[in-house]
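A quick write-up on the structure given underneath.
Protein chains: 2
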Amino acid sequence: MTTGVLPNSSKSQLPLRETADRLREALRQRKAVVIIGSCAVDYSGRARSRLDYGGRIVLIKQDGALLIHRPYGYLPVNWQPSKCHFHVEYADGLLNLKAIRVSPPETVQMRFKGVYLFSGLDLEDEGRFSLYASELDMKKALIMQPDLIEQGLKIVSSEKRVAPGFADIYGRDRAGTSVIIEIKRDTADREAVLQLYNYVKATAGHQPLRGIIVAPALGKGCQRLLETLNLEFKQLDPHLCSEILARRQQSGRDRSIGEYL
Amino acid sequence: MTTGVLPNSSKSQLPLRETADRLREALRQRKAVVIIGSCAVDYSGRARSRLDYGGRIVLIKQDGALLIHRPYGYLPVNWQPSKCHFHVEYADGLLNLKAIRVSPPETVQMRFKGVYLFSGLDLEDEGRFSLYASELDMKKALIMQPDLIEQGLKIVSSEKRVAPGFADIYGRDRAGTSVIIEIKRDTADREAVLQLYNYVKATAGHQPLRGIIVAPALGKGCQRLLETLNLEFKQLDPHLCSEILARRQQSGRDRSIGEYL
DNA sequence: TGCTAAATCTCGAAC
DNA sequence: GTTCGAGGTTTAGCA
Chain A
24 MTTGVLPNSS
34 KSQLPLRETA
44 DRLREALRQR
54 KAVVIIGSCA
64 VDYSGRARSR
74 LDYGGRIVLI
84 KQDGALLIHR
94 PYGYLPVNWQ
104 PSKCHFHVEY
114 ADGLLNLKAI
124 RVSPPETVQM
134 RFKGVYLFSG
144 LDLEDEGRFS
154 LYASELDMKK
164 ALIMQPDLIE
174 QGLKIVSSEK
184 RVAPGFADIY
194 GRDRAGTSVI
204 IEIKRDTADR
214 EAVLQLYNYV
224 KATAGHQPLR
234 GIIVAPALGK
244 GCQRLLETLN
254 LEFKQLDPHL
264 CSEILARRQQ
274 SGRDRSIGEY
284 L
Chain B
24 MTTGVLPNSS
34 KSQLPLRETA
44 DRLREALRQR
54 KAVVIIGSCA
64 VDYSGRARSR
74 LDYGGRIVLI
84 KQDGALLIHR
94 PYGYLPVNWQ
104 PSKCHFHVEY
114 ADGLLNLKAI
124 RVSPPETVQM
134 RFKGVYLFSG
144 LDLEDEGRFS
154 LYASELDMKK
164 ALIMQPDLIE
174 QGLKIVSSEK
184 RVAPGFADIY
194 GRDRAGTSVI
204 IEIKRDTADR
214 EAVLQLYNYV
224 KATAGHQPLR
234 GIIVAPALGK
244 GCQRLLETLN
254 LEFKQLDPHL
264 CSEILARRQQ
274 SGRDRSIGEY
284 L
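Residue numbers (this note's numbering), protein chains in the order written: chain A, 24 to 284; chain B, 24 to 284.
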């Protein structure tokens, strides 16, 4: 069955009344919808916004997620996460599309004065997605091979609850001194250093306690802050970590990692 | 000129070789492109990812932003911010589309084994976007009407540089005591409290110094932390702030706000 | 449900 | 160019 509709010339407009009917039916069938057209948008909920008319690309996904994109930039100008309900109406020569979110209560109201492209398709997507060189990969690699940080380091636990939050890794160095490790997959900034400092402060008792930031790089202004707070930095490349993981998993020696994660 | 192409029945596929040509031309003309089809994706750059074949919606914007969406969820599964360059190729019965980012060096490689919809359109979008009840609105409202926090409070400056960053607002209370104010448009969490604490700590001299978190709500576990750190909380609704702003702007008494922002 | 922190976060502004 | 913090951030993982 044909669910896609296109104008026969660029920027010519589809009849809005019919498009409204098609859109309503596509949404009822939980299809993935793409609308390109000139629309204005009002958002009301946690915040409130108003967007005047302009050429936009609107996506409605099969789980009820809504994305309204301008012709530039990564971010949608308006949106709604999945589980939205939709209401379609043709009135006063406009195609009105309303997205309603229950909790928190929010609405996004679109008014189309022209639609250049409409499509409703059933998309099947069971493809597996794998991400490598994330912070999780760094943590896994460090747990399997703690000497990536320093010789003799032993991991005691990961995601240890410390008063203000969670420390990524908690361990003990060769001398038996406790070590708290904070991992960042990007250049560690001031905030990361303070985060570690808060963990160290919250955990510190009478025994000595080291705090180490592990990241591919340290922010420029952070070097001084780090020294002031008596913390340490150890450089580590996330790509290297994911390669170490790949090698270990190939040789089937990754059974012991589960107990830490 | 027709730039949109649609199959004449749902899920029927467009000829990939022709689609590759159309895509290449649309990109050359800096059009906004939508491709719906079955594709696999490899990303390599700051991190690395692999996505197996499945039904996807691909957006390429006029500034070179790339979004690859699965049929569910708010977030794209793969993406690239604006300023990408693209390379199109038809080979081995596949339509290959490569997005290249210069800095940081990253690539996203898409392999289409089927395309259900292709569209390239020139979208004009000069529409103005206005956001209300943001953190900035809260700040503006507080500057114009400091007694929203407490009677007798005077604003000294906003965005005051304190050692580790910026305090939202710096002022003096009725008794002449200095006050640092940290604004959050959402429930203030532990991190917000610690952020304010760091500002207060960095600024504190011999004189007394108050720190106040202004937000619509305070996170549950934060109440104790706040007391421990000797900080204060003042409830304030961002929607109320935007209404106050709207009223003031209507009555034209907003001339004095510029000097603070 | 609430809290905690990551994210290939993006984006814009300031220095 | 780097740094910094906001964002209607969203999302996933846990207690």
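Note that the Cβ used here is the ideal one computed from N, Cα and C, for glycine as well.
| field | Within 8 Å, strictly: CB atoms of Leu165 of chain A and Leu171 of chain A | value | Residue 165 of chain A sits at position 142 when you count from the first residue of the first sequence. Residue 171 of chain A sits at position 148 when you count from the first residue of the first sequence. The answer is yes: Cβ separation under 8 Å.
| request: Say whether the segment 199-213 of chain A touches the segment 238-256 of chain A, bearing in mind that this needs 3 or more beta-carbon pairs closer than 8 Å, one atom from each stretch. | output: yes
| field | Spatial distance of Leu37 of chain B from Leu219 of chain B (CA atoms) | value | Here residue 37 of chain B refers to the residue found at position 14 of the second sequence. Here residue 219 of chain B refers to the residue found at position 196 of the second sequence. Cα-Cα distance, rounded: 57 Å.
| query | In chain order, what residues of the same chain have a beta carbon less than 6 Å from the beta carbon of Glu266 of chain A, not counting five sequence neighbours either side? | reply | One-based indexing of the first sequence puts residue 266 of chain A at position 243. Excluding positions up to five away in sequence, the list is empty.
| task | For the segment 178-197 of chain A and the segment 126-142 of chain A, state whether three or more C-beta atom pairs, one from each stretch, are separated by less than 8 Å. | result | no
| task | Using three-state DSSP, classify Gln85 of chain A as helix, strand or coil. | result | For the purposes of this step, residue 85 of chain A is taken as the residue at position 62 of the first sequence. Three-state result, Gln85 of chain A: coil.
| query | Using 8 Å as the threshold, is the segment 124-138 of chain A in touch with the segment 63-75 of chain A, meaning 3 or more CB pairs across them? | reply | yes
| For Gln273 of chain A, is the classification buried or exposed, using 16 other Cβ atoms within 10 angstroms of its Cβ as the cut-off for buried? | Taking the first sequence and counting its residues from 1, one reaches residue 273 of chain A at position 250. So Gln273 of chain A ends up on the exposed side.
| task | Taking only runs that begin and end inside the segment 135-170 of chain A, name each unbroken alpha helix (DSSP H) of 4 or more residues, in chain order. | result | 158-167
| request: Evaluate Ser35 of chain B with the Cβ neighbour count: other Cβ atoms within 10 Å of its Cβ, from every protein chain shown; 16 or more gives buried, anything less gives exposed. | output: For this step, residue 35 of chain B is matched to residue 12 along the second sequence. Label assigned to Ser35 of chain B: exposed.
| said: List, from N- to C-terminal side, the beta strand (DSSP E) runs of 3 residues or more that fit wholly inside the segment 222-268 of chain B. | reply: 232-238 and 255-258
| Pairwise C-alpha distance: Tyr97 of chain B and Ser72 of chain A | Within the first sequence, numbered from 1, the residue matching residue 72 of chain A stands at position 49. Within the second sequence, numbered from 1, the residue matching residue 97 of chain B stands at position 74. Going from the Cα of Ser72 of chain A to the Cα of Tyr97 of chain B covers about 19 Å.
| request: Check the C-beta distance from Leu117 of chain B over to Arg134 of chain B and give it rounded, since I have them as a contact under 8 Å. | output: Locating residue 117 of chain B in the second sequence gives position 94, where the first residue counts as 1. Locating residue 134 of chain B in the second sequence gives position 111, where the first residue counts as 1. Yes, they are in contact, since the Cβ atoms of Leu117 of chain B and Arg134 of chain B sit about 5 Å apart, within 8 Å.
| task | Go ahead and pull the three-state DSSP assignment for Leu46 of chain B. | result | By 1-based counting over the second sequence, the position of residue 46 of chain B is 23. In this structure, Leu46 of chain B counts as helix in the three-state DSSP scheme.
| field | First through last residue of the beta strand (DSSP E) which encompasses Val100 of chain B | value | Position 77 of the second sequence, counted from the start, is the residue given in the question as residue 100 of chain B. Note, Val100 of chain B: premise wrong, no beta strand (DSSP E); not H, not E.
| At least one CB of chain A closer than 8 Å to the CB of Lys84 of chain B: is that the case? | Within the second sequence, the letter at position 61 stands for residue 84 of chain B. Yes, Lys84 of chain B lies at the interface with chain A (some Cβ there is under 8 Å from its Cβ).
| query | So, is Thr42 of chain B buried or exposed, given that buried needs 16 or more other C-beta atoms within 10 angstroms? | reply | Position 19 of the second sequence, counting from 1, holds the residue named residue 42 of chain B. Per the 10 Å Cβ criterion, buried.
| Expressed to the nearest angstrom, what Euclidean distance is found between the alpha-carbon atoms of Leu39 of chain B and Tyr113 of chain B? | In the second sequence, residue 39 of chain B corresponds to position 16, counting from 1. In the second sequence, residue 113 of chain B corresponds to position 90, counting from 1. If you take the alpha carbons of Leu39 of chain B and Tyr113 of chain B, they lie about 7 Å apart.
| query | Distance, Cα to Cα, Gln174 of chain A vs Gly199 of chain A? | reply | The sequence position of residue 174 of chain A within the first sequence is 151, counting from 1. The sequence position of residue 199 of chain A within the first sequence is 176, counting from 1. C-alpha separation (whole angstroms): 12 Å.
| Does the beta carbon of Asp75 of chain A sit closer than 8 Å to a beta carbon anywhere in chain B? | As a first step, residue 75 of chain A must be located in the first sequence, where it is residue number 52. Yes, contact with chain B.
| request: Using only alpha-carbon positions, find the residue among B:Met161, B:Ala70, B:Ile59 and B:His108 that is nearest to Gln52 of chain B. | output: Locating residue 52 of chain B in the second sequence gives position 29, where the first residue counts as 1. If we check each option's Cα against that of Gln52 of chain B, B:His108 comes out closest.
| task | Could you name the residues of chain A that Glu147 of chain B contacts, counting a contact when the two beta carbons are closer than 9 Å? | result | Stepping through the second sequence from its first residue, residue 147 of chain B is reached at position 124. Near Glu147 of chain B (Cβ distances below 9 Å), the residues of chain A are Ser61, Gly77, Gly78 and Pro94.
| Would a check of beta-carbon distances place Arg71 of chain A closer than 8 Å to chain B? | For the purposes of this step, residue 71 of chain A is taken as residue 48 along the first sequence, with counting starting at 1. At least one chain B Cβ lies under 8 Å of Arg71 of chain A.
| said: Across the segment 73-93 of chain A and the segment 230-243 of chain B, are there enough close Cβ pairs to call them in contact, namely three or more that are closer than 8 Å? | reply: no
| query | Can you name the residues of chain A whose CB is closer than 7 Å to the CB of Val100 of chain B? | reply | Counting from 1 along the second sequence, the entry for residue 100 of chain B is found at position 77. Under the 7 Å cutoff, chain A gives Phe152.
| query | Which word fits Glu205 of chain B, buried or exposed, when buried means at least 16 other C-beta atoms lie within 10 angstroms of its C-beta? | reply | Here residue 205 of chain B is taken as the residue at index 182 of the second sequence, counted from 1. Counting Cβ neighbours within 10 Å, Glu205 of chain B comes out buried, since at least 16 surround it.
| request: Could you name the residues of the segment 242-273 of chain A whose beta carbon sits closer than 9 Å to any beta carbon of chain B, in the order they occur along the chain? | output: Leu248, Pro261, His262 and Ser265
| task | Using beta-carbon positions only, say whether Val56 of chain B and Ile83 of chain B come within less than 8 Å of one another. | result | As a working note, residue 56 of chain B is residue 33 in the second sequence. As a working note, residue 83 of chain B is residue 60 in the second sequence. Closer than 8 Å, so yes.
| Can you pull the DSSP bridge partners for Gly194 of chain B? | Locating residue 194 of chain B in the second sequence gives position 171, where the first residue counts as 1. Partner(s): B:Ile178 and B:Val202.
| said: Just verifying my parser: in three-state terms, what is the DSSP assignment at Glu41 of chain B? | reply: Position 18 of the second sequence, counted from the start, is the residue given in the question as residue 41 of chain B. DSSP places Glu41 of chain B in helix when its eight states are reduced to three.
| task | Within its chain, find whatever has a CB closer than 6 Å to the CB of Asp277 of chain B; leave out the 5 residues flanking it on each side and keep chain order. | result | The sequence position of residue 277 of chain B within the second sequence is 254, counting from 1. In this prediction, Asp277 of chain B has a pLDDT of 49, which is less than 50 and means its spatial position is unreliable; nothing more can be read from the coordinates.
| request: Give every residue of the same chain whose Cβ lies closer than 7 Å to the Cβ of Gly194 of chain B, excluding the five residues on either side of it in the sequence, and list them in chain order. | output: Counting from one through the second sequence, the residue named residue 194 of chain B turns up at place 171. Counting only Cβ-Cβ distances below 7 Å, and skipping sequence neighbours, we find Pro169, Leu176, Lys177, Ile178, Val179, Val202 and Ile204.
| query | Straight-line CA distance for Phe152 of chain A to Val237 of chain A? | reply | Along the first sequence, one-based indexing puts residue 152 of chain A at 129. Along the first sequence, one-based indexing puts residue 237 of chain A at 214. So the alpha carbons of these two residues sit roughly 26 Å apart.
| said: Can you pull the chain A neighbours of Tyr139 of chain B, defined as C-beta to C-beta under 7 Å? | reply: By 1-based counting over the second sequence, the position of residue 139 of chain B is 116. Here the neighbours are Leu144.
| Other residues of its chain near Pro104 of chain A: CB distance less than 7 Å, five sequence neighbours each side excluded | Here residue 104 of chain A is taken as the residue at index 81 of the first sequence, counted from 1. Here the set comprises Ala88.
| query | Any residues in the segment 208-222 of chain B with a beta carbon nearer than 7 Å to a beta carbon of chain A? Which ones, in chain order? | reply | Arg213, Leu217 and Asn221
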